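Those protein sequence lines, which keep their order, are chains D and S.
The numbers in the working numbering rise by one with no breaks, and the one at position 91 of the first sequence is 91.
The numbers in the working numbering rise by one with no breaks, and the one at position 55 of the second sequence is 1055.
See structure below.
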Amino acid sequence: MAAEAALREASVALIPEDELRAQLYHFLARFLASPPDKTGLESAAKMDGDDTELGKAFGVFANLASRTDVNKVGQEYQDLFIGVGRGELLPYGSYYLTGFLHEKPLAKLRDDMGRLGIEREPGVNEPEDHIAALMDMMAGLITGQFGTPAPLAEQKQFFDTHIASWASHFFADLEGAKSSVLYAALGTIGRHFMEIEETAFSMA
Amino acid sequence: MKQKCDRAIVERRSFLKLAGASAVAGGVALVSGGKSAEASTTADETGRLYKQTDHIKTYYELARF
Chain D
1 MAAEAALREA SVALIPEDEL RAQLYHFLAR FLASPPDKTG LESAAKMDGD DTELGKAFGV
61 FANLASRTDV NKVGQEYQDL FIGVGRGELL PYGSYYLTGF LHEKPLAKLR DDMGRLGIER
121 EPGVNEPEDH IAALMDMMAG LITGQFGTPA PLAEQKQFFD THIASWASHF FADLEGAKSS
181 VLYAALGTIG RHFMEIEETA FSMA
Chain S
1001 MKQKCDRAIV ERRSFLKLAG ASAVAGGVAL VSGGKSAEAS TTADETGRLY KQTDHIKTYY
1061 ELARF
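Okay, structure coming up:
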């Protein structure tokens, strides 16, 4: 609760573009960390995008959200990320970059997290290089959830090192995965947003 | 140097605006859980309903669902 209040306070000082970036990262993190509950799905169905590529992707996502239900999305999430033995996709940086879990990229991420003062919530066992965790960390760096908002250069470095090299591939895989329906649209949103971030960081 | 830096920031902001950092009207904060439950109830009531555009119709015709 205190963290939420701090988040709100911090976002007041953010320029609108950065606030939206943080919200987009939070949005992706939320749907990638677990399937939505009824309220989440109902809210998602009410989103409305404009005519940009990203806006259109949100329109598709909202439409699909209105046509599915919690059980179906739950099953979709299960098939994509959990499965029997393993899901269709393994959403970890280390896996995408080396073909194995728990490799060097994860160690490097842990180093950087230590430096930035970020740590896992107690009780979370998921490796830190899970896509949802990384999206959450970006949001936190932007809003200052881990202290003060990280300067753009620091955000860029984190993004370049831990996200840029693989997240677009992951989101494209999500778009094309056999089990994806609602999550295919989430993949499109993620892919467009990563492109926007890459271009925007290149201007900084 | 400072001037160059400022220009880059302005360019970056304009780019983000155009590229769709504002693509989603109000909805993302609501769905991302960044706001309290109270806020989401209010926003739900005023939340716009999805409008189907021609683009989306085409998407469905082409897509596999």
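All residues carry an ideal CB built from backbone N, CA and C; glycine is no exception.
Predicted model only: the values in this text are computed from it and were never measured.
Which residues in the same chain have their Cβ closer than 7 Å to the Cβ of residue i, if we skip the five residues on either side of it in sequence?
i: residue 33 (chain D); result: 132
i: residue 159 (chain D); result: 138, 197, 201
i: residue 164 (chain D); result: 198
i: residue 1044 (chain S); result: Note that residue 1044 (chain S) has pLDDT 28, beneath the 50 cutoff, so the model's placement of it is unreliable and no number is given.
i: residue 214 (chain D); result: Outside the displayed range of chain D (1 to 204) lies residue 214 (chain D), so it cannot be described from this structure.
i: residue 92 (chain D); result: 101, 127, 129, 130
i: residue 64 (chain D); result: 181, 182, 185
i: residue 95 (chain D); result: 101
i: residue 31 (chain D); result: 186
i: residue 43 (chain D); result: none
i: residue 87 (chain D); result: 79, 80, 81
i: residue 146 (chain D); result: 116, 117, 118, 140
I'd like the list of long-range same chain contacts for residue i, defined as Cβ closer than 6 Å, with 5 residues on each side in sequence excluded.
i: residue 35 (chain D); result: 73, 74, 77
i: residue 38 (chain D); result: 70
i: residue 136 (chain D); result: 29
i: residue 24 (chain D); result: 193
i: residue 161 (chain D); result: none
i: residue 66 (chain D); result: 45
i: residue 109 (chain D); result: 128, 129, 162
i: residue 68 (chain D); result: 182
i: residue 1016 (chain S); result: none
Count the other C-beta atoms from every protein chain shown that fall within 10 angstroms of the C-beta of residue i, then say buried if there are 16 or more, exposed otherwise.
i: residue 1007 (chain S); result: exposed
i: residue 52 (chain D); result: buried
i: residue 45 (chain D); result: buried
i: residue 1019 (chain S); result: buried
i: residue 111 (chain D); result: exposed
i: residue 40 (chain D); result: buried
i: residue 1014 (chain S); result: exposed
i: residue 13 (chain D); result: exposed
i: residue 249 (chain D); result: This structure cannot settle anything about residue 249 (chain D), because the visible part of chain D is limited to 1 through 204.
i: residue 104 (chain D); result: exposed
i: residue 62 (chain D); result: buried
i: residue 100 (chain D); result: exposed
i: residue 1011 (chain S); result: exposed
i: residue 169 (chain D); result: exposed
i: residue 85 (chain D); result: exposed
i: residue 15 (chain D); result: exposed
i: residue 21 (chain D); result: buried
i: residue 1024 (chain S); result: buried
i: residue 124 (chain D); result: exposed
In the DSSP output, which residue or residues are listed as bridge partners for residue i?
i: residue 30 (chain D); result: Looking at the DSSP assignment, residue 30 (chain D) forms no beta bridge with any residue, so it has no partner.
i: residue 124 (chain D); result: According to DSSP, which records beta bridges pairwise, residue 124 (chain D) is partnered with nothing at all.
i: residue 84 (chain D); result: D:86
i: residue 1024 (chain S); result: D:49
i: residue 92 (chain D); result: D:130
Among the residues of its own chain, which have a CB less than 8 Å from the CB of residue i, if the five just before and after it don't count?
i: residue 54 (chain D); result: 189, 192, 193, 196
i: residue 57 (chain D); result: 49, 185, 188, 189, 192
i: residue 204 (chain D); result: 152, 153, 156
i: residue 172 (chain D); result: 187, 191
i: residue 26 (chain D); result: 135, 136, 139
i: residue 60 (chain D); result: 185, 188
i: residue 89 (chain D); result: 80, 81, 170, 173, 174, 177
i: residue 141 (chain D); result: 116, 149, 150, 154, 155, 158
Stretch-stretch touch, CB-based, cutoff 8 Å, three pairs: the region 118-125 of chain D with the region 152-159 of chain D: no
With a floor of 3 residues, list each beta strand (DSSP E) that falls wholly inside the region 131-176 of chain D, ordered by position along the chain. none
Do the region 79-94 of chain D and the region 170-178 of chain D touch if we need at least three Cβ pairs shorter than 8 Å? yes
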